[in-house]
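J.: Input: one structure, supplied below.
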Amino acid sequence: MSLFPTEVDVLIIGVGPAGGSAARIVAESGLTVLAVEKKQAIGSPVQCAEFIPLPMSAYAAESPVRLQKITGMKSFLPSGETEETEFPGLMINRQKFDEGIANKAKEAGAEIIEGAQLTDLDAERNLATVTWNKVTFELTYKALIAADGPHSRVAKCLNLPELDTVSTRQYTVPLKKEYFDTDIWLSDEYPGGYAWMFPKGEWANLGLGANKAIDSDLKAPLDRLHKQLVEKGLLGEEIIYRTGGAIPVGGLRDQLSIGNIIFAGDAAGLTHPITGAGISAGVMSGEMAGEAVSHWLKGDEDALEDFEEEIRDQFEVTLNRAVKTRQWLKKIWRTQQAQEDKVMRKGWIAFDEYMKSDNIPA
Ligand SMILES: Cc1cc2nc3c(=O)[nH]c(=O)nc-3n(C[C@H](O)[C@H](O)[C@H](O)COP(=O)(O)OP(=O)(O)OC[C@H]3O[C@@H](n4cnc5c(N)ncnc54)[C@H](O)[C@@H]3O)c2cc1C
């Protein structure tokens, strides 16, 4: 077994899109960086519907990552009425995507250790406790990036509140014809979320997200939707992969920068509270976090506070609108109103009504 480092300039917790991106930037700046990932293999098991918007395509340039193009979105309303909108993007192999980002970080000189979990943090002494191969190690850091996802251990160690999340359940199933749209179902069957079908060649990711506090059963509605689409001849019955996971939906944490610790990606609360999309924000905020700690350790005293300000400038308006919409919808689920198309239109990004926040009562 190789020796675990005892000190490092920058410690990164979690190697998803945010942590991997941060690790590359820090390594490129010449500082020493260790990123620890509790999964035994980066990106596996996949917990994702695997869609990225077109501006992210540079990160999916190579064939094992890029699966197929997406051109549109079909949004199905409760009445069955459908809205078709442009929605350019790509379906990716998420495991290869995360691996690709991590490999670039390694090439730049970052050390990445898989199967290593942060278990404790003494922020006053800059001391992290990590368990790896059942052995516990302690190491000191000068700056730390928390990129450890929706249930951030770093946040827990700092006694910060848990992020508000929705739960998801997803099947990968055979797709019977060529398809280039992402299909979205808006319905009271999925309170606090929606259902989706994202095509990837001969397969599709069929899933849903919902607020378990309103309805804890995600399996029955997903099985019903699967059955309907099998009967229509669009999907096959076989389920080759099952996944799920939590998606933060409460918007940004109150603080993204605490002393020499900063938060990126899902751990910061950057996932879009209506769509659940967070890969793009994960990569962007990871890169920004990497820049910020590198500048800070090289003498720019304001770099960590600037990071927080820049993240808020870039994401907060969009996130706040989505949070406000969620709060309004929360009062509507499981009432007659949730069966009305005109109400659901205000709650989903594909419709013009979504952008008119005056439409949403305070
Ligand atoms: C079912 C589902 C479908 C989704 N579909 C999409 C989609 O199609 N498009 C999209 O843009 N977004 C999607 N998302 C959201 C997207 O996956 C996240 O926003 C994205 O992964 C955020 O990246 P991240 O690096 O911040 O966090 P993560 O990818 O969650 O990475 C955090 C990493 O930290 C590790 N970790 C956690 N705790 C510790 C610890 N104590 N020590 C060491 N390591 C730790 C975790 O194992 C994990 O690998 C989906 C999410 C779910 C659950």
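Counting with our numbering, you get residues 1107 to 1468 for the letters of the sequence shown. Glycine is no exception: its CB is placed at the ideal position from the N, C-alpha and C atoms.
(1) From Arg-1231 to Ala-1370, what does the alpha carbon distance come to, in whole angstroms?
(2) At a Cβ threshold of 8 Å, is Lys-1430 touching chain B?
(3) Do Phe-1182 and Trp-1291 have their C-beta atoms within less than 8 Å of each other?
(4) If you follow the beta strand (DSSP E) that Pro-1123 is in, where does it begin and where does it stop?
(5) With 16 as the cutoff for other CB atoms within 10 Å, does Val-1423 come out buried or exposed?
(6) In the DSSP assignment, find the alpha helix (DSSP H) that holds Leu-1435 and state where it starts and stops.
(7) Is it the case that the CB of Lys-1145 approaches a heavy atom of ligand 1 more closely than 7 Å?
(8) Which of helix, strand or coil does DSSP assign to Tyr-1460?
(9) What does the alpha-carbon distance come out to for the pair Met-1107 and Pro-1159?
(10) Comparing C-alpha positions only, which one of Glu-1308, Ser-1322 and Gly-1307 sits nearest to Leu-1314?
(11) So, under 8 Å CB-CB, Ile-1367 and Ala-1229 are touching, yes? Tell me the CB distance rounded to an integer number of Å.
(12) Would you mind listing the beta strand (DSSP E) stretches within the region 1240 to 1288 that are 3+ residues and don't spill past its ends, in chain order?
(13) Tell me the residue span of the beta strand (DSSP E) that contains Ala-1398.
(14) Tell me, which residues are paired with Leu-1224 by DSSP?
(15) Would you kindly check if the distance between the Cβ of Glu-1168 and the Cβ of Gly-1206 is under 8 Å?
(16) Under the criterion of a Cβ to heavy atom distance below 7 Å, does Glu-1156 qualify as lining ligand 1?
(17) Using DSSP with H/G/I as helix, E/B as strand and the rest coil, what is Glu-1113?
(18) For Gly-1178, which three-state DSSP category applies?
T.: According to the data block:
(1) 22 Å
(2) Absent here is chain B; the protein component of the structure consists of one chain.
(3) yes
(4) Taken as a continuous stretch (DSSP letters only), Pro-1123 belongs to no beta strand (DSSP E), being part of the alpha helix (DSSP H) at 1123 to 1134.
(5) exposed
(6) 1409 to 1436
(7) yes
(8) helix
(9) Note on Met-1107: pLDDT 46, under 50, position unreliable in the model; the coordinate value appears next. Whole-angstrom Cα-Cα distance: 41 Å.
(10) Ser-1322
(11) 6 Å
(12) 1241 to 1252 and 1271 to 1280
(13) Per DSSP, Ala-1398 belongs to no beta strand (DSSP E); it is in the alpha helix (DSSP H), 1385 to 1403.
(14) DSSP lists Val-1236 as partners of Leu-1224.
(15) yes
(16) Under cutoff, so the answer is yes.
(17) Collapsing the DSSP output to three states places Glu-1113 in a strand.
(18) strand
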